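Heads up: the structure comes next, in structure tokens.
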Amino acid sequence: MTIEQTLQELTAQAVKTLYNLTIDPHTVTVNDTPKNFVGSYTVVVFPYTKAAAKNPEQVGKEIGQYLTDNLVFAQDFNVVKGFVNIELTNAYWLQTFTHIIHHENYGQAPASGKKIALEYIGPNTNKPLHLGHIRNMFVGHAVAAILQANGHEVHKVNIYNDKGINISKSMAAWVHAGNGATPQSAGLKGDHFVGYYYVLYNKIATQQAAPYREQGMEPLEAEKLTPIYALAQQFTQEWEQGKPSVRQLWQTMNGWVYEGFAETFNMLGISYEKAYYESECYELGKKLVLEGLANGAFFAKPDGSVWADFTNEGLDQKVLIRNDGTSVYITQDIGVADLRYHDFTPDQLIYVVGDEQIYHFKVLKLTLQKLGKPYANLIYHLYYGMVDLPEGKMKSREGKVVDADDLIAEMLQTAEEQTRELGKTEGMNPHQAQQLYKILGLGALKYFILKVNAQKRLLFNPRESIDLQGHTAPFIQYSYARIRSILRKFNQNFLLPNYPINHLHPQEIDLITEISRFRQAIHTAAETYDPSVIANYAFTLAKSFNKLYADLSVLNNPDEQTNTFRVALAYTTARTLKNALHLLGIDVPERM
RNA sequence: GAUCCCAUAGCUCAGUUGGAUAGAGCAACUGCCUUCUAAGCAGUAGGUCAUUGGUUCGAAUCCAAUUGGGAUCGCCA
46 MTIEQTLQEL TAQAVKTLYN LTIDPHTVTV NDTPKNFVGS YTVVVFPYTK
96 AAAKNPEQVG KEIGQYLTDN LVFAQDFNVV KGFVNIELTN AYWLQTFTHI
146 IHHENYGQAP ASGKKIALEY IGPNTNKPLH LGHIRNMFVG HAVAAILQAN
196 GHEVHKVNIY NDKGINISKS MAAWVHAGNG ATPQSAGLKG DHFVGYYYVL
246 YNKIATQQAA PYREQGMEPL EAEKLTPIYA LAQQFTQEWE QGKPSVRQLW
296 QTMNGWVYEG FAETFNMLGI SYEKAYYESE CYELGKKLVL EGLANGAFFA
346 KPDGSVWADF TNEGLDQKVL IRNDGTSVYI TQDIGVADLR YHDFTPDQLI
396 YVVGDEQIYH FKVLKLTLQK LGKPYANLIY HLYYGMVDLP EGKMKSREGK
446 VVDADDLIAE MLQTAEEQTR ELGKTEGMNP HQAQQLYKIL GLGALKYFIL
496 KVNAQKRLLF NPRESIDLQG HTAPFIQYSY ARIRSILRKF NQNFLLPNYP
546 INHLHPQEID LITEISRFRQ AIHTAAETYD PSVIANYAFT LAKSFNKLYA
596 DLSVLNNPDE QTNTFRVALA YTTARTLKNA LHLLGIDVPE RM
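Quick note on our numbering: the first sequence kicks off at 46 and runs consecutively.
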């Protein structure tokens with residue numbers, strides 16, 4: 046039982062004994078005592094003043110006394126208004142700390158038996174990754190790690206939207222204007238190479254559509270009349286028919302893209318256990334839809350298209366198979382869900398996908414319910430907000446995007462410049478220095494994105510480089526590196542079973558308190574699927590250590606016991622910082 | 001038109017199941033490196049928690065309305 050739970054139980058007992066009021070211990074509010082008051086935990090007693098028929102101050106004193114009398118670890122208490130602040134004994138803190146230092150994986154929950162399949166990344170194969178994917182990857186990776194730390198079995202999977210009109214557009218432009226070029230001949234990363242032709246397609250289509258638009262036609266309609274669109278459309282149909290030359294070209298261009306993606310994933314430390322491909326799932330999706338049509342879950346329109354009706358659920362009708370018999374986006378997701386369910390038999394299917402698709406996943410869930418699938422209710426759409434540029438939302442078609450690879454390169458460069466400026470590379474060989482730039486640059490980028498609650502929109506200004514000071518990953522990494530430096534200097538065994546320290550410094554207690562919160566932080570982050578909980582936790586812990594470091598000496602105290610104890614405390618802090626950052630996919634340097 | 005999301009310091013964000021005087025970082029200003037790494041620490045200044053009403057001992061937090069911003073409602077993905 047945690048100390049909070051103990052305090053809840055005892056408060057319920059106190060209320061029963063003192064005022065003959067029976068309450069559920071879970072309803073007792075126990076908070077961390079704010080910094081400007083004395084104490085560690087605070088019990089709120091306002092709710093019991095009526096039953097006690099006394100003022101809050103009086104009730105606080107009585108309950109405080111009861112708690113102090115009945116809790117071994119209670120040292121003292123004070124009452125401010127209706128708040129009872131409990132001070133705990135040094136013995137409690139030492140015991141807490143001893144427990145943590147002996148548990149390398151403190152914070153990790155025991156196995157829950159819950160199995161989760163988590164989908165993330167989900168790129169289209171017609172263009173390179175951008176800042177939106179970066180947020181997706183960081184959030185997905187972090188949430189997976191956090192759920193794992195909370196005891197769940199997590200299977201990370203990816204989905205490639207590898208077929209359809211957008212890929213056909215890149216193909217059409219390449220056939221139209223590529224002259225047999227390859228990424229090698231063009232000197233481009235594969236995904237950028239294919240993306241170049243996607244942008245080129247849009248240029249050509251815009252040019253060809255100009256006369257129609259001048260007649261007042263909508264751009265989307267005008268595009269459909271262009272020869273380049275006709276070619277893309279033709280590829281799409283021939284692809285569905287399985288025409289070998291089209292399949293061959295498709296495979297080649299997708300192959301280039303996958304090579305490019307792999308490089309970026311590798312750079313970012315992003316991985317997945319299994320990839321699904323739309324091209325391999327849409328037929329299963331169609332089959333399931335047709336089964337639904339046969340058993341009356343869906344209906345057909347006169348033109349042959351297949352629909353689901355959600356008007357009873359307050360939504361619209363939704364097309365599932367087009368009148369030409371081809372599948373739409375949701376059709377593949379039906380097939381993917383089915384495959385994934387049978388691959389992993391998970392207890393939950395998490396989809397890390399942007400909030401623009403909230404409606405899509407609502408419909409997907411309802412569609413699977415209509416099909417009577419057991420996994421319909423396992424679906425959880427973990428959505429994140431769009432990334433805004435100062436000018437507004439990113440738009441791929443207009444080339445208004447922040448490219449992932451460019452951004453990574455800029456971060457490494459920023460990290461290098463600042464590191465050199467501070468003269469931190471002294472004594473490092475070029476390889477070590479490069480490693481450090483990467484740890485710091487990518488750490489700063491990941492932290493910048495993950496410290497914001499994933500569901501909120503994120504503002505990114507490409508003209509202002511991401512800070513390396515303040516509320517950032519390097520701040521936390523710096524605390525870690527400082528501690529590593531101390532440990533190198535100390536160079537003795539400090540894992541003693543007992544610390545005969547009678548006078549714990551308040552800042553030492555603060556730090557132990559902060560370290561001990563890691564378990565709760567993981568729990569909260571997992572429950573809310575929110576990496577920012579961990580990001581903020583790590584920052585608070587680092588700050589707490591930095592303050593102690595500035596005010597007290599860790600290893601230059603006159604008495605050896607204090608040195609040993611503080612080094613152990615620093616060691617545990619570093620370990621916790623490292624573990625916390627690891628959950629965010631962020632590395633730590635030994636020196637910086 | 002309908003559904004959903006958001007609104008906290010100049011800027012970017014925290015703020016637990018409702019709890020004390022709403023907190024950080026950046027930017028501005030002031031101190032602190034002969035002692036363990038100054039990517040740090042301490043301090044000053046900065047707020048009508050969008051507005052109004054309601055529930056409550058207590059509301060940034062819950063409810064309603066209003067205002068402003070955004071997303072979605074494609075035989076795009």
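Positions of the beta carbon are idealized from the N, C-alpha and C atoms, including for glycine. These numbers were taken from a predicted model, which means no experiment stands behind them.
Alpha carbon to alpha carbon, how far is residue i from residue j?
i    : j    : result
G209 : A339 : 27 Å
M72  : H387 : According to the sequence as given, residue 72 is Thr; it is not Met. About 42 Å.
E318 : V202 : 6 Å
G407 : T47  : The identity of residue 407 in the sequence shown is Lys, whereas the question assumes Gly. Rounded to whole angstroms, K407 to T47 spans 38 Å at the Cα level.
P391 : W284 : 33 Å
F91  : V129 : 10 Å
G235 : P634 : 32 Å
Q296 : G330 : 22 Å
A190 : D451 : 26 Å
S561 : A625 : 12 Å
K99  : S85  : 25 Å
E263 : V373 : 23 Å
L313 : H568 : 26 Å
I11  : T62  : There is no way to answer for residue 11, as the model of the chain reaches only from 46 to 637.
E107 : V75  : 16 Å
Who are the Cβ neighbours of residue i in its own chain at under 6 Å, not counting the five residues just before and after it?
i    : result
E323 : N206, D207, K208, Q377
T412 : A353
E54  : P70
L485 : A460, P519
A154 : N195, G196
N115 : L55
Y257 : A267, L270
S230 : none
Give me, in chain order, the residues of the same chain whose beta-carbon lies closer than 7 Å to that of residue i; leave out the 5 immediate sequence neighbours on both sides.
i    : result
H178 : I166, P168, A449
D596 : Q552
S350 : V364, I366, R367, N368
F183 : K491, I494, L495, G630
C326 : Q377, G380, V381, L384
Y525 : A619, L622, K623, V633
I145 : Y151, I560, S561, T617
A250 : E268, T271, I273, Y274
Mind checking whether residue i and residue j have CB atoms under 7 Å apart?
i    : j    : result
A24  : L52  : With the chain running from 46 to 637 in the structure shown, residue 24 is simply not present.
Y482 : A518 : no
I557 : F142 : yes
S213 : Y242 : no
V199 : L163 : yes
M637 : K534 : no
Y321 : I204 : yes
L628 : V612 : no
A587 : I579 : no
V302 : V239 : yes
I521 : A583 : yes
Would you kindly report the start and end of the unbroken alpha helix (DSSP H) that includes residue i?
i    : result
I315 : Counting along the chain, I315 falls outside any alpha helix (DSSP H), and DSSP gives it neither H nor E.
E132 : Run containing E132: none in the alpha helix (DSSP H); it sits in the beta strand (DSSP E), 128 to 133.
Q458 : 449 to 466
N624 : 605 to 628
L52  : 48 to 64
N247 : 235 to 259
K332 : 323 to 339
H221 : 210 to 222
K592 : 577 to 596
I think residue i touches residue j, with their Cβ atoms under 8 Å apart; what is that distance to the nearest whole Å?
i    : j    : result
T94  : T87  : The Cβ separation is near 16 Å, so there is no contact.
V124 : G109 : 6 Å
L112 : F122 : 7 Å
H237 : P173 : 5 Å
Considering residue i, what are the terminal residues of the beta strand (DSSP E) in which it resides?
i    : result
Y429 : 424 to 429
F122 : 119 to 125
L365 : 362 to 366
L163 : 160 to 165
I511 : It is not in any beta strand (DSSP E) - I511 carries neither H nor E in the DSSP assignment.
Excluding five sequence neighbours on each side, which residues of the same chain lie with their C-beta closer than 8 Å to the C-beta of residue i?
i    : result
G20  : Outside the displayed range of the chain (46 to 637) lies residue 20, so it cannot be described from this structure.
E102 : V124, K126, G127
I546 : N135, L139, Q606, T607, F610
I403 : H426, Y428
L409 : I375, D378, I379, A382, I424
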